[in-house]
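In our numbering, the protein residues as written are 968 to 1305.
As structure tokens, then:
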């Protein structure tokens, strides 16, 4: 991410040979990206491991496909942090300064893109799973169960690795001063579609259908509109993904047709910020789960041995009242599958 040769000053105009270090644009952020990625790795990796432990316990208890998908998503985030943040940015760039064989760099690129594809397409499959659960509940139990879910996840991971293989020929935008060729543009457009445009289109369509379906059901039955916790988690994940990955996608397209990272410090800066925002997505899901799901918080509390808060007498009284109310028949709103 940071090119040590470029941090001192802006390149002189019209001097040096093409591809010379003097023509490279400077890294305006200096050492900030390395500090950012180090903090992201040191904080995000333990948090994701803890999330995986909580989700694995929930998946074994409830046997729900949604928790298995979320566990696979967390696993993909861990792989992304290891391959992209640690190996790609910290090890290759900050420690080794890319003084490694080109074959190693290209092999790491395959692993980076594979883990990225897995994380995004697991979220796509989870979105479809929630759509089936809410819009086709009668068919859902026959279509989604743990054994099939694990097979689907295995297929997604295998497909992600296969779609990552062409990125062995992905050009190094930080070192390659030439304009993108035909293969570069094909790979970049393929990358933008498979990692952003197609997933975001699916997220938008399925989430819109889910919300409209819930609104129609609640209006017809005169119940209060409510979204289940798993659905709320899903919508939070997809929204955060669409927001954090948008800058990087835009900068990649600009890099193809407008200006090179090596020739324009503004594109260099935008690419740095875009990558930093995109990779932040690998560390935020834990907080979304804690904010939305009481079950996740309770399981987390049991794992890290945090006792529950003591109830006051008013709290006990309210608990007794709610207990007595629970003896009455309840009208459960339709479409609130959790």
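Glycine included, each C-beta is placed from N, C-alpha and C at the ideal position. All values reported here derive from a predicted model rather than from experimental measurement.
For this session: Quick one: using the 10 Å Cβ neighbour count with 16 as the cut-off for buried, is residue 1069 buried or exposed?
Result: exposed
For this session: Determine the direct distance from the alpha carbon of residue 1047 to that of residue 1083, and round the result to whole angstroms.
Result: 6 Å
For this session: Write down every uninterrupted run of the alpha helix (DSSP H) in the region 1155-1237 whose length is 4 residues or greater and which is fully enclosed by it, in chain order.
Result: 1165-1188 and 1196-1224
Problem set entry | residue 1088 versus 1119, 1098, 1100 and 1107, residue with shortest Cα-Cα distance | 1119
Exercise. Measuring CA to CA, which of 1096, 1265, 1101 and 1243 is closest to residue 1182?
Worked result: 1101
Exercise. By DSSP, does residue 1097 sit in helix, in strand, or in coil?
Worked result: helix
Exercise. Three-state secondary structure (DSSP) at residue 1118?
Worked result: helix
Exercise. How long is the line joining the alpha carbons of residue 1114 and residue 1155, rounded to whole angstroms?
Worked result: 35 Å
Problem set entry | Boundaries (first-last residue) of the alpha helix (DSSP H) holding residue 1028 | 999-1029
Exercise. For residue 1104, which of helix, strand or coil comes out of DSSP?
Worked result: helix
For this session: Using 10 angstroms around the beta-carbon of residue 1006, count the other beta-carbons present and answer buried if the total reaches 16, otherwise exposed.
Result: exposed
Exercise. According to DSSP, is residue 1262 helix, strand or coil?
Worked result: helix
For this session: Taking only the alpha-carbon atoms, compute the straight-line gap between residue 1057 and residue 1104 and give it to the nearest angstrom.
Result: 46 Å
Problem set entry | Span of the alpha helix (DSSP H), counted from its first residue to its last, around residue 1037 | 1032-1047
Exercise. For residue 1174, which option in 1096, 1136 and 1077 has the closest C-alpha, if you only look at C-alpha atoms?
Worked result: 1096
Exercise. With burial defined as no fewer than 16 other Cβ atoms inside 10 Å of the residue's Cβ, what is the status of residue 1031: buried or exposed?
Worked result: buried
Exercise. Exposed or buried, which one is residue 1071 when buried takes at least 16 other CB atoms within 10 Å?
Worked result: exposed
For this session: Pull up the distance between the alpha-carbon of residue 1085 and that of residue 1252, whole angstroms please.
Result: 16 Å
Problem set entry | From 1148, 1210 and 1234, residue whose alpha carbon lies closest to that of residue 1221 | 1234
Exercise. Roughly how many whole angstroms lie between the Cα atoms of residue 1240 and residue 1198?
Worked result: 30 Å
Problem set entry | residue 931 to residue 1129 span [Cα, whole Å] | Here the chain comprises residues numbered 968 to 1305, so residue 931 is not present and cannot be evaluated.
Exercise. Near residue 1034, what residues of its chain come up, given a Cβ to Cβ distance below 8 Å and the 5 sequence neighbours on each side ignored?
Worked result: 1022, 1025 and 1026
Problem set entry | Inter-residue CB distance, residue 1122 and residue 1079 (contact presumed, cutoff 8 Å) | Contact doesn't hold; Cβ gap of about 21 Å is too wide.
For this session: Starting from the C-beta of residue 1152, find all residues in its chain whose C-beta is less than 7 Å away, skip the five residues before and the five after it, and write them out in chain order.
Result: 1223
For this session: Determine the direct distance from the alpha carbon of residue 1148 to that of residue 1380, and round the result to whole angstroms.
Result: What is shown of the chain runs 968 to 1305, which leaves residue 1380 out entirely.
Problem set entry | Rounded Cβ spacing between residue 1077 and residue 1160 (contact assumed at less than 8 Å) | Actually they are not in contact, since the Cβ atoms of residue 1077 and residue 1160 sit about 18 Å apart, beyond 8 Å.
Exercise. Shortest alpha-carbon distance to residue 1169 belongs to which of 1013, 1205, 1216 and 1000?
Worked result: 1205
Exercise. If you draw a straight line from the C-alpha of residue 1074 to the C-alpha of residue 1177, how long is it?
Worked result: 40 Å
Problem set entry | Residues near residue 1043 in its chain [Cβ-Cβ closer than 7 Å; skip 5 each side] | 1082, 1085, 1086 and 1089
Problem set entry | Inter-residue spacing [alpha-carbon to alpha-carbon] between residue 1267 and residue 1014 | 11 Å
Exercise. Between the beta-carbon of residue 1111 and the beta-carbon of residue 1093, is there less than 8 Å?
Worked result: no
Exercise. What number of angstroms, rounded off, separates the C-alpha of residue 1124 from the C-alpha of residue 1238?
Worked result: 27 Å
Exercise. Whose C-beta lies closer than 6 Å to the C-beta of residue 1037 among residues of the same chain, with five residues either side of it excluded?
Worked result: 1022
For this session: Take residue 1163 as the anchor and find which of 1219, 1203 and 1196 has the nearest alpha-carbon.
Result: 1219
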